[in-house]
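Protein chains: 2
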Amino acid sequence: MADKKHRILILGGGFGGVYTALYLDKAMTRAEKERTEVTIVSNENYIVFQPFLPEVISGTIETLHCITPIRRIARRARLYTRRIEEIDTQKKTVRLAPDFLPKPLTLEYDELVVGLGTRMNYALVPGMREHSIPFKYLGDALRLRNESVRALEEADIEQNPVEKKKLLTFVVGGGGFSGVECIAELNDFLTAAIKDYSNIRQEEIRCVLLQSADRILPELGESLALYAQSILGKRGVEIRLNTRLTAISADAAIIQNKQTKEIERIEARTIVSTVPAAAHPLVKSLPFELERDRIVVTKYLDVPKFPGHWALGDCASVPQIDGIKSPPTAQHALRQAKTCATNIVARMRGTSMKQFSFTGLGKLASLGQRSAVAEVFGIKIKGILAWFFWRTVYLSKFPGLDRKIRIAADWTLDLILPRDITQLKIFPAEHVQQEHFHGGEMIFDQGDFGNKFYVLTDGQAEIVKNGNVVATIDKGAPFGEIALVENSPRTAGVRAKTNCTLVSVARPAFRKLLTHLPGVRDSVGSIMQSHGVDPSGLDAPDEDED
Amino acid sequence: MADKKHRILILGGGFGGVYTALYLDKAMTRAEKERTEVTIVSNENYIVFQPFLPEVISGTIETLHCITPIRRIARRARLYTRRIEEIDTQKKTVRLAPDFLPKPLTLEYDELVVGLGTRMNYALVPGMREHSIPFKYLGDALRLRNESVRALEEADIEQNPVEKKKLLTFVVGGGGFSGVECIAELNDFLTAAIKDYSNIRQEEIRCVLLQSADRILPELGESLALYAQSILGKRGVEIRLNTRLTAISADAAIIQNKQTKEIERIEARTIVSTVPAAAHPLVKSLPFELERDRIVVTKYLDVPKFPGHWALGDCASVPQIDGIKSPPTAQHALRQAKTCATNIVARMRGTSMKQFSFTGLGKLASLGQRSAVAEVFGIKIKGILAWFFWRTVYLSKFPGLDRKIRIAADWTLDLILPRDITQLKIFPAEHVQQEHFHGGEMIFDQGDFGNKFYVLTDGQAEIVKNGNVVATIDKGAPFGEIALVENSPRTAGVRAKTNCTLVSVARPAFRKLLTHLPGVRDSVGSIMQSHGVDPSGLDAPDEDED
């Protein structure tokens, strides 16, 4: 047993996890390092610097420049880019999901550091998962940029004014840091981009920010928030306070005024949600005590009653010296990582542990166009000074010299070059997906060309022909199956009678893949026959629709 | 009728189509412009500069910098970013597929310019579509980069030497310009990237280039091709000449020596195919005469017997002055665009047309690491001089000053900064897909953890338990359905007896979406019962596997 290494296993590739590995390396002597094995498990092989995500929307920062490879920061740690399936705190093992090879991997540990962050809680708002773009990961920022360009492309050739308005309306739900920075960059991007679209005028662009509280940026003092509100307002952003997002459908955000209780539809094709956080399912599966979905830890960052178990970052409820719990920010995770690494080493050495003593440097929100608001050591700053401060602080914190240089180059080029309006179609359209419709909305109109077949999984819908309801569709029923055979106008429309959840299947996926599933071809065929449609077209070869 | 505009409709957003719009604008007088309407229909809103695609693999050029928005080049043209569904040369209309709105759009024209390029011809090699990464579009280059990093991540933690070798083998099929530049950049990238992977040594990386002819780069003279072969060979690239790719399966390239007829398996996880070209289905649907899948045009670029119809670029068979047909390159498409625009204007004015007189400037292939081979005006150059020439020529041809600056900045930073090894998981794994297995290959092993259910759509497979074949599976039969209920080791393996095509369905997709399809839940349930498995697990809620 003498030559067995002390195994420190870190779960999560955010600032908390990755910097724990880095600080462990700094805190240990050479002999200690040789007796120790540090492992990180992360879904991604890079760390995302969240404050720069909004700038990816506008292209001010290149997509890849707001992330840094974990291997470059924690050079001595072993990295597993895998999904975690199970944590067993009794046996002290963690099982990882298979990747290329269909074999799960089981890792053993002596010390476990949980830095798994949070998950998005889609459950609160119907349709949020299906019809909004979340704003948390790098892929989201890239997708939002793409969808915005797509909306501009479509709006530029759209003849129908109602549809054009819908295409040019952009809604962001959530008036915290993330929502405010998102709408600011999105609005700037759209304003700059439409110069290349001859049929879109500035006044046709509508950017709406929804906030349930009576002001935006609850993280900051009131005067800064009001300043930010007026700056955004001047640029044409419409801020709706005291407004709750109650549902999102395929073409509208359904909102409610918290005071008047009035319900309103904002018709829009592009809806972003800064989705509220919920506990990671793995965190919930642990036998640790949770407080508001976060793991309770001591001021030393270890989990009470579970020696050798530590938690930090957004998934942990970390007490500060001032008694307040640490907020979920990168600056706190980073300092927690230092405390955690120090205390793991102290435990190995049998020396005394240090308590977490950081209380925050300050808070910053960028408003785009060289403007920002900030609160630093209790001092409030705003405008171009805050913006300059914002850039300097974040750039200095950004991990890796190579990325610092790349970002500085991006910012420099951005001062002189036009905005990028290319639309990358690298997100393949899902062929089988869930959809949500709000009561009263049309699922499809009579005369539409459709290539989708639907199954109503919840709610009730009605068939509308020449303005009259001719039948109702109940839960479990399929409809629109004629689209599986031919590309022709729908002979009737279908409207959601109540709020509806559907599963839709596009023709190519059905024809190429799903008809092979046992039972499917025959069931759909007999539905068609009962509707008086010849099902033999299902077996004809379909055109290639790549 | 006097105030009706003359409508010129250009199909395709490549160099041919987009530059026709640009040159039309230059060739027309102001009065003519006012009487004319120029429209481009393109799948994408940008033009891809193909020669730079290989550099996206290695990150030398940022992803978005090798493309330019069409709107910035052809500023006065109207752009429709839509898929084309039908071309009617009798009625002179083109129908576009629906996008956000489920209504198809029909455009009328007086002059039609067809510049639709080619499609990939997957049909020649079984498994090519399912298991190889094509190399034609921007998304492909990005995907290849991601898959390569993923393979490195997995190899770094892989304990099984056979599997590790498979992960570190990279095969590129096709020894023309595109295949050679691809393997050169890929090899350079891997060599630079493994510095961050402590468990991967340079000699473990295997890069193989497959070429069916007896030398690479048939487009160039023999001496340059041999020079390129020796350069790549020195860097460790294995070049297999006289070798045909006969099939691609989930974990191997199956190749055949053209002389000895010997069949060989190269086990590899990453296989790239520079897929051969075939006619675009829309081109085939036209009543025009085709020659080797390309539209026959006169030396004026118009289609014989169809006045007002023009074709250019890769989809057209354009005669050069020297009697040879134009090769499918950007430099030719660009010059054809100029001739085509001139002649459209001549036709409008009733003046005489000009014949296409370009015969090519030269040919260049980059070999990475500041090396290239080129033939310019009959002169052969190679090495760093050719490389410098390559960069200068292409950069000068690249559309748009802003992109020129960005690319120059990329190249400058690349000289000093390390390669990027972040793996973006923005390509969602397909949940229902087709797979191909070669006779003798294991589809899954006994003991594997699997979350997929399969239906054999072609071929025959056998069930293997403890080394013995216990049953065979025929076409149409489903298997592996236990994976739909639980995450447990497979109780038996399944091996392809002949070449097999399968449809596979992952558990999350099945549980969330497909069980709603009529007939599916019951059919799969009864299959389970007939195999002695309790199907009630199908109805239990599944964990969230986002």
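Line order of the protein sequences matches chains D and U.
Note that our numbering gives residue 13 to position 13 of the first sequence, counting from 1, and the numbers run on in steps of one.
Note that our numbering gives residue 801 to position 255 of the second sequence, counting from 1, and the numbers run on in steps of one.
For every residue, glycine included, the Cβ atom is placed at its ideal position computed from N, Cα and C.
CA-to-CA distance, residue j to residue i, given in whole angstroms
| i | j | result |
| --- | --- | --- |
| U/A508 | U/P865 | Here chain U covers residues 547 to 1092 and nothing more, so residue 508 of chain U does not appear. |
| U/A548 | U/E657 | Low local confidence applies: a pLDDT of 48 at U/A548 is under 50, so the model's placement there is unreliable, and no value is given. |
| U/D1080 | U/M1074 | 7 Å |
| U/L1060 | D/P508 | 15 Å |
| U/S758 | U/G779 | 17 Å |
| U/F598 | D/H332 | 42 Å |
| U/L880 | U/K943 | 10 Å |
| D/V345 | D/T106 | 25 Å |
| D/L9 | D/D445 | 55 Å |
| U/A918 | U/A738 | 19 Å |
| U/V640 | D/G221 | 58 Å |
| U/K998 | D/I84 | 18 Å |
| U/V718 | U/T875 | 21 Å |
| D/F449 | U/N667 | 29 Å |
| D/A365 | D/I443 | 39 Å |
| D/E545 | U/E590 | Note on D/E545: pLDDT 44, under 50, position unreliable in the model; the coordinate value appears next. Cα-Cα distance, rounded: 16 Å. |
| U/D645 | D/A141 | 22 Å |
| U/K682 | D/E185 | 32 Å |
| U/K712 | D/A228 | 55 Å |
Within chain U, partners of residue i - CB distance below 7 Å
| i | result |
| --- | --- |
| D/T457 | H1062 |
| D/Y80 | I703 |
| D/I527 | P1064 |
| D/P478 | P1064 |
| D/D534 | Per Cβ cutoff of 7 Å: no residues; D/D534 is ~18 Å from chain U at best. |
| D/V503 | L1059, H1062 |
Chain D within 8 Å of residue i, Cβ atoms only
| i | result |
| --- | --- |
| U/S1069 | yes |
| U/D1090 | Legend: pLDDT at U/D1090 = 48, less than 50; position of this residue unreliable, value from coordinates given subsequently. Yes, U/D1090 counts as interfacial toward chain D. |
| U/A798 | no |
| U/A1055 | yes |
| U/M547 | The pLDDT assigned to U/M547 is 43, lower than 50, so where the model puts this residue is not dependable; a value taken from the coordinates is nonetheless given after this. It does not: the Cβ of U/M547 has no partner Cβ on chain D nearer than 8 Å. |
For residue i: DSSP bridge partner residues
| i | result |
| --- | --- |
| U/C1046 | U/F983 |
| U/G929 | U/A918 |
| D/M353 | Answer is none; D/M353 lacks a bridge partner. |
| U/P615 | U/Y592 |
| D/M442 | D/R495 |
| U/Y626 | U/V587 |
| U/N1014 | U/K1011 |
C-beta neighbour in chain U for residue i, strict 8 Å
| i | result |
| --- | --- |
| D/Q434 | yes |
| D/K4 | no |
| D/N466 | no |
| D/V162 | no |
| D/N45 | yes |
| D/P126 | no |
| D/P276 | no |
| D/P327 | no |
| D/D214 | no |
Partner residues on chain U for residue i, Cβ-Cβ distance less than 8 Å
| i | result |
| --- | --- |
| D/N499 | Residues of chain U passing the Cβ test: none, with the nearest at roughly 17 Å. |
Chain D contact residues for residue i, given Cβ-Cβ distances below 7 Å
| i | result |
| --- | --- |
| U/V939 | Here the premise fails: no neighbours, minimum Cβ distance about 23 Å. |
| U/P650 | F449 |
Neighbouring residues, chain D, relative to residue i (Cβ below 8 Å)
| i | result |
| --- | --- |
| U/V695 | N45 |
9 Å Cβ cut-off: residues of chain U touching residue i
| i | result |
| --- | --- |
| D/D99 | R696, E699, E700 |
### Task
Run through the segment 703-778 of chain U for me and flag every whole alpha helix (DSSP H) of 4 or more residues, listed as ranges in chain order.
707-713, 723-739
### Query
Considering only residues of the segment 113-148 of chain D, which uninterrupted alpha helix (DSSP H) runs meet the minimum length of 4 residues and lie entirely inside it, listed in chain order?
128-131
### Task
Could you name each continuous alpha helix (DSSP H) segment of 4 residues or more that falls completely within the segment 1045-1074 of chain U, going from the start of the chain to the end?
1053-1058
### Query
At what residue ranges does the segment 230-302 of chain D contain a whole run of the beta strand (DSSP E), taking only runs of 3 or more?
237-240, 243-249, 252-257, 263-267, 270-273, 277-279, 294-296
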